[in-house]
Structures are given as C-alpha cells and as structure tokens.
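**Student:** Numbering (mature numbering (1 follows the signal peptide of the UniProt record, and there is no 0)), first residue to last: -25 to -1, 1 to 688.
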C-alpha cells in the first residue's frame, strides 16, 4: 500500500509536470514565432526597392578568412565596387567614406574612429550592403548602407568560447552567449585583441616597427516581448583601442634638434632616429540604442533613441615630431551624439504601401590641441620651441524626414517614389528637399530591371571639422602655406542608376549595374599633419561614374561568387579648408579636373567555399577569396593625384573543421580554424605617401597565418 500510494502520487506529479512542460513549450514556441514575425516586420520597414543589395549570410561570414574574428572591412571587400585603403578604410562606388551603419535598421551616428573596427562580424547574425538609388528613408550618408542584423537569443542561442591567434603576436580570446527566458531574450559578446599589426606598415618589410595595438570590444542586445504586437529592445556596445604609430626608418631631418626651456645644452645632443619615435593614438567609442516596435495587420513602426560618444587622442614624440615636421601636436577630439529615429509602414491599399519617418540628432564636438613649434623670425628658424594652445567646441543639429509610396502598378512592375527633406545646422547651414524615384520591372521569371534617380544632400562629417585659429601659427615652423579657410559645405548630388539581374539556372545569378553622380561641393577627406585625424574639404564640382558586374552560384554545399567593377571619381577646384593645400596644387585644381585620391579604376573580388561531409557531425569547410585593385592615386610630376600606385592581387584561404563532442564532454561542437591571409606573400602598396591628404606610405599585410579553436555549447 505504501509503495502503491507513492506510485500514485508520482504518477499525478508526472502528469502535472508533463502538462506544465507542454504549456511551457507552447509558450516558448509562441514567443519564438512572435519574435520571428516582429523581425520580419522590422525588415519590411526599410526595403531596398530599386537599389542594389549584397547580402552576407551567417554561413558567408563564417567562410570569410577569420570568420567572426576578422574585421568587417575584410568581409565587405567581397562586395562589388568596394575598394580598400589604409587604416581599414573602404571606398564604395568612388566615395570617400560616406557610408552609414545600421543595427537592426537603426542608424548609428558617426564617430571618431580611424583605426578601430567598432562593429565586428561577431555582432552580426547576417548583414547587407545596399548601394545605388536609395529609398527615401536613407539620408545623410548615401554611398552605401551597411545594415547589420544583430545576433539575438533565439537565432543564436547558446554560448561560444574561443581563442584565436597567430603571426605577429596576434591573440584574440572571445566569449558570446545567447538565450531566452519567458518574454525576454538576449545576446552578449566580448573580445580582446592584442597584436603587432595595428596599423599598416609604412615599409614593405614583414614586420613593422613600433606597431603594437590593444583593443577591446563588447556588445549586448536585450529584448522584451511586451505582447504579440509589441517589443522593446536595447543594444549597447563599447570599442576601445590603443595604438602605436609605426615608424618609417631613414627619414631625412627637416629641423634642428630642439633646445627646450629650462634644460641644459645636453638636450641638443639628443639622437633622433626616425625608426625609434614613439607616437601613439587612442580611440574610444560607446553607443546605445533603445527601440520600441509595433506590428499590426496593415501597420508597423519602430521608434528608437540613440546615444553615441566617441573620442580620439594623439600623443606625439615631442622631439621627433619637431625634428621631422616642425610641430609636435598633442591633439584630442570628441563627439557626443544623441537623437531619435522613426520608421513607419502603412499598407493603405492592395497595391499601395506608404512609408514615412524621421531622424533628428543633436551633436557636440570638442577639439583641443597643445602644440610645440619653432619660432620663425625674418626667415630664421629658432631652436627653442614655443607652445601654442588651441581649442574649440561646437553644438549642432542634423535632421531629416521622408514620405514615400510603394506602388505595385502590375504584378511585374513596381514604382517606388518619395520625398526626403534634410537639414544641417553645424559649421555649415543647409537644407534640401530631395525626390527619389525607382522603377522595378520583372518581365520574365528570374529577370529584373531597375532604373532610378535620387537627389542627395550629404552634410560634412561634424567630427572632422573644427575652427582652428590659423593665425596663432603665423611666423612659426607650423605656419600653413596659405590662410584660406572657407567653411566646409554640404554636398548636393544628382544620382542615376540602372541595372539588370538574371537567374540563369537554379542557384546561379548574374547582374550588371551602372551609376552616375554629379556633385556640387563634392566632399572628400584627408590626413593633414602628424595626428591621424581626418579632415574634410570640398571640391566645387565633382563627377563619379562606374559599372559593376556580379555573379554568384550556390548548390548545396558549394558556393561561388565573383565581382568586377570599373570606376572614375574626379573633382575640380577646392573651395573649402584651403590652408591644408599647397598654393600650386590649388591653382592646378582650380583650372582642371583631378582624380580623387581614393579613385581606383579597376576593383575585383571572388571566392569559393565547399562544405565536405555536410550531412555528418564532423563537416569540414574549405574556402578561399581573392581581392584585386588597380591601385589608388599618387602624385605625378606635374599633377596632384596624377598617377597610381602599382596594381595588386591577394589570395586568402580558410579551413574550419567541426567536431561534435560526446555527451561526457558536454555534447557541444568543437571548431578548429586555420586561416592564411595573403597566401603568396605579395608585397603591395596601398599608399606611397604622396597624393592629396595622404600622410605616409602604407603597405598591405604580408602573409599571415592564424589559427584558433572554439567550443559551442
């Protein structure tokens, strides 16, 4: 009886627990379905109708050499029309920067980072690059939109512990975890990077001198499903980096060794060697986004509040910078941005979908410099440095609003038309009403034509501007060649795009696209001086045009792709920040068109990946990629940016072996990764130290072998 009674209650307990488990499972599944539906609704808020989009899936990210450990720039180089530059910069369709980053559809305000990769592949479940004629919801930065779908607790459930490293003291431990708990789900990841390849080598040697870097990255994503139609989410991140600036041996001294005040004659005997300088730069970034999303039958909306703080500090080698540059400048710059973004979609009729929204940001930029310079009296340069303090602060605003209608005229013909109003109130004041219109036609199965026109207003990057007191440096070794300092203006463009995409066979696509941009006050950027801080300026007129050819093929475990692009980017007559330029160069550019410093005629990329044993618990993925560039610009004997550095091509390989561990080891998945960057150890220049706004030579990374192991649980 006693045993029977226990069995009776045990049976009841099992039934109750079974019922609870079943109810809990149903509840979790409902929340999972709700999360997926809300994700789809969020994506529908920002379609790319008539634009050109390159999508990188999670599988494509992991196949890229380095996978989650690599910088996002190495992945984006596999997209058409993307050219690489020094400091990890990318040029899309002949533009210098002019790229906006979005996290789950929310635009991230610009920051100060030059070397740092603020957003990493590790943050992304997948991402896309959109170019061409952009719909009206995209403003301010329009050469390309990089939209990152962040990892979350449903699509990326579980944890990963990873250690990665290799050549040049490279070490990168990382951790990530995602999960869901009732109506909550979240994801967090963090890593640390230590290596001796923080910045491009100014020489073709295998290892750079004085090139240590230490970086930390963290991102967290937390979501709460209030009800099936409503979700609240918070995304926050940190990226901090400390860098040594690499030295270039054998440089010729321009000035005498300084004699500092309150120091004896022994200071004059200091040995200054360009291979032993100690210049450093620090870059810090913090950001947060809080979003409220609503999704109903014919109506959906997302409203977000955004914060970002970014700072950059340069510490000179006081003696060395004075001897080689005539100025040793300690510089600090920071920008704080706060704002809101709203995107709303309303399906008002069977064939009409209205979209509307706005963006508004308040920003504050602070610049401070503390400079040591030599006095110049009647053409004679003194030996005792003087100290000049300078600083400025400025608050400004950036705002935009749009309205557009997606009109499905016939099942095969769609017209997307809209208007966008943008304004900027910073160092410059400008506003513009910009029409956007694209027509998409699918005349047969697998084929799609698009043609479009857009009017763009591109404000100058607030963080790259300042109000330096140039006359403080008059009669010193740092005096500018001229004192022209017209304010940097907003760029105004007429942009045209036409393209065709065809599906030839299942899994095989080919495409061609052509674009033309005519610009007034074309914006460009350069490094002028020892601190690696970019400064903006305008050409009075600009013209950019090009062509892109793409193909991709996917069949089960096999993926192939290739891109080929031709581009031309020209400017005429610098009409702002003239003090950064030599008077002879200004005169030349006033009379004739010149190539922009980042203009590269031919750009190509290709890749392949195959997943062996993909139906087993121990798949092996092999992949390779290629990047080709015909060379960025350098000065010719008579013309700024009149020549090119030599062409180059690099090949990369990657292998990832996955192994399912037995239950006694946790039942997780071990992954062993091996990557080889620049397989054939090609010597190639990105910059030779000449050209408009080019600070020093930079060479591409020599052969680098990396490896790592991760455990997914």
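Just so it is clear, CB atoms sit at the ideal spot from N, CA and C, and this is done for glycine as well.
Closest by CA to residue 266, which one among 300, 565, 435 and 318?
**Tutor:** Among 300, 565, 435 and 318, the Cα nearest to that of residue 266 belongs to 318.
**Student:** Rounding to the nearest angstrom, what Cα-Cα distance links residue 619 and residue 174 in this structure?
**Tutor:** The straight-line gap from Cα to Cα measures roughly 22 Å.
**Student:** Residues in the same chain with beta-carbon distance under 7 Å from residue 231, minus the five sequence neighbours each way, listed in chain order, please.
**Tutor:** Hits under 7 Å: 358.
**Student:** When the distance is taken between beta carbons, is residue 36 closer than 9 Å to residue 73?
**Tutor:** For residue 73 and residue 36, no; Cβs fall outside 9 Å.
**Student:** Under DSSP, the beta strand (DSSP E) around residue 410 begins and ends at which residues?
**Tutor:** Where residue 410 is concerned, the enclosing beta strand (DSSP E) stretches over 404 to 416.
**Student:** How about the stretch 297 to 306 and the stretch 94 to 109: do they share at least three Cβ pairs that are nearer than 8 Å?
**Tutor:** Touching, no, given that fewer than three Cβ pairs across the two stretches are closer than 8 Å.
**Student:** Which residues does DSSP pair with residue 124 in a beta bridge?
**Tutor:** Partner(s): 101.
**Student:** Express the C-alpha separation of residue 184 and residue 145 in angstroms, rounding to a whole number.
**Tutor:** Between residue 145 and residue 184, the C-alpha separation is close to 15 Å.
**Student:** Counting only the same chain and skipping the five closest in sequence on each side, list residues whose C-beta sits under 6 Å from that of residue 670.
**Tutor:** These residues qualify, in order along the chain: 502.
**Student:** Taking C-beta to C-beta, are residue 39 and residue 600 nearer than 9 Å?
**Tutor:** Going by C-beta atoms, residue 39 is nearer than 9 Å to residue 600.
**Student:** Is the beta carbon of residue 296 less than 9 Å from the beta carbon of residue 254?
**Tutor:** Contact: yes.
**Student:** Count the other CB atoms, across all protein chains shown, that sit within 10 Å of the CB of residue 223; report buried if there are 16 or more and exposed otherwise.
**Tutor:** By the neighbour-count rule (16 or more Cβ atoms within 10 Å), residue 223 is buried.
**Student:** Residue 259 to residue 310, Cα distance in whole Å?
**Tutor:** One C-alpha to the other measures close to 11 Å.
**Student:** Judging by CA-CA distance, which residue of 472, 665, 627 and 637 is the nearest neighbour of residue 650?
**Tutor:** If we check each option's Cα against that of residue 650, 627 comes out closest.
**Student:** Return the residue from the list 286, 9 and 542 that minimises the CA-CA distance to residue 492.
**Tutor:** Among 286, 9 and 542, the Cα nearest to that of residue 492 belongs to 542.
**Student:** In whole angstroms, what is the alpha-carbon distance linking residue 678 and residue 70?
**Tutor:** Residue 678 and residue 70: Cα-Cα distance of roughly 29 Å.
**Student:** Does any heavy atom of the ligand SAH sit closer than 8 Å to the C-beta of residue 508?
**Tutor:** Because no ligand of any kind appears in the structure shown, any question about the ligand SAH cannot be addressed here.
**Student:** Going by the beta-carbon positions, is the gap between residue 308 and residue 508 smaller than 9 Å?
**Tutor:** Yes. Within cutoff.
**Student:** Taking the alpha carbon of residue 538 as the reference point, which residue from 583, 563, 496 and 517 has its own alpha carbon closest?
**Tutor:** If we check each option's Cα against that of residue 538, 583 comes out closest.
**Student:** Give the single residue among 62, 133, 355 and 340 whose Cα lies nearest to the Cα of residue 186.
**Tutor:** The residue with the shortest Cα to Cα distance from residue 186 is 62.
**Student:** Roughly how many angstroms lie between the CA atoms of residue 514 and residue 371, to the nearest whole one?
**Tutor:** Those two C-alpha atoms are separated by around 23 Å.
**Student:** By the three-class DSSP mapping on this structure, what secondary structure does residue 640 have?
**Tutor:** It is helical.
**Student:** Using only the alpha-carbon positions, how far apart do residue 579 and residue 446 sit?
**Tutor:** Rounded to the nearest angstrom, the two C-alpha atoms are 46 Å apart.
**Student:** Considering residue 518, what are the terminal residues of the alpha helix (DSSP H) in which it resides?
**Tutor:** Residue 518 -> not in any alpha helix (DSSP H); beta strand (DSSP E) instead, spanning 509 to 530.
**Student:** Taking its Cβ as the centre, do 16 or more other Cβ atoms sit within 10 Å of residue 458, making it buried, or is it exposed?
**Tutor:** When all chains shown are included, residue 458 counts as exposed.
**Student:** How would you write the range of the beta strand (DSSP E) that residue 148 sits in, first residue to last?
**Tutor:** Here the beta strand (DSSP E) through residue 148 covers 145 to 156.
**Student:** Measuring alpha carbon to alpha carbon, tell me which of 472, 534, 235 and 488 ends up nearest residue 598.
**Tutor:** If we check each option's Cα against that of residue 598, 534 comes out closest.
**Student:** For residue 249, which residues in the same chain have their Cβ closer than 8 Å to its Cβ, ignoring the five residues on either side in sequence?
**Tutor:** So the list reads 222, 223, 224, 225, 226, 295 and 299, once near-sequence residues are dropped.
**Student:** How do the stretch 149 to 167 and the stretch 127 to 134 stand: do at least 3 beta-carbon pairs fall below 8 Å, yes or no?
**Tutor:** They touch, by the three-pair rule.
**Student:** Opposite residue 650 in the DSSP bridges: which residues?
**Tutor:** Answer is 629 and 681.
**Student:** To the nearest angstrom, report how far apart residue 330 and residue 138 are at their CA atoms.
**Tutor:** If I take the Cα positions, the gap works out to 45 Å.
**Student:** Output needed for residue 360: all residues of its chain with C-beta closer than 7 Å, excluding positions within five of it in sequence on either side, in chain order.
**Tutor:** Result list for residue 360: 233, 235, 297, 347, 348 and 349, in chain order.
**Student:** Candidates 124, 55, 656 and 110: which alpha carbon is nearest residue 11's?
**Tutor:** Among 124, 55, 656 and 110, the Cα nearest to that of residue 11 is on 124.
**Student:** Under DSSP, the beta strand (DSSP E) around residue 470 begins and ends at which residues?
**Tutor:** From DSSP, the beta strand (DSSP E) with residue 470 extends over 466 to 480.
**Student:** Residues in the same chain with beta-carbon distance under 6 Å from residue 368, minus the five sequence neighbours each way, listed in chain order, please.
**Tutor:** Answer for residue 368: 341, listed in chain order.
**Student:** Give me, in chain order, the residues of the same chain whose beta-carbon lies closer than 6 Å to that of residue 203; leave out the 5 immediate sequence neighbours on both sides.
**Tutor:** Cβ neighbours of residue 203 beyond the five flanking positions: 9.
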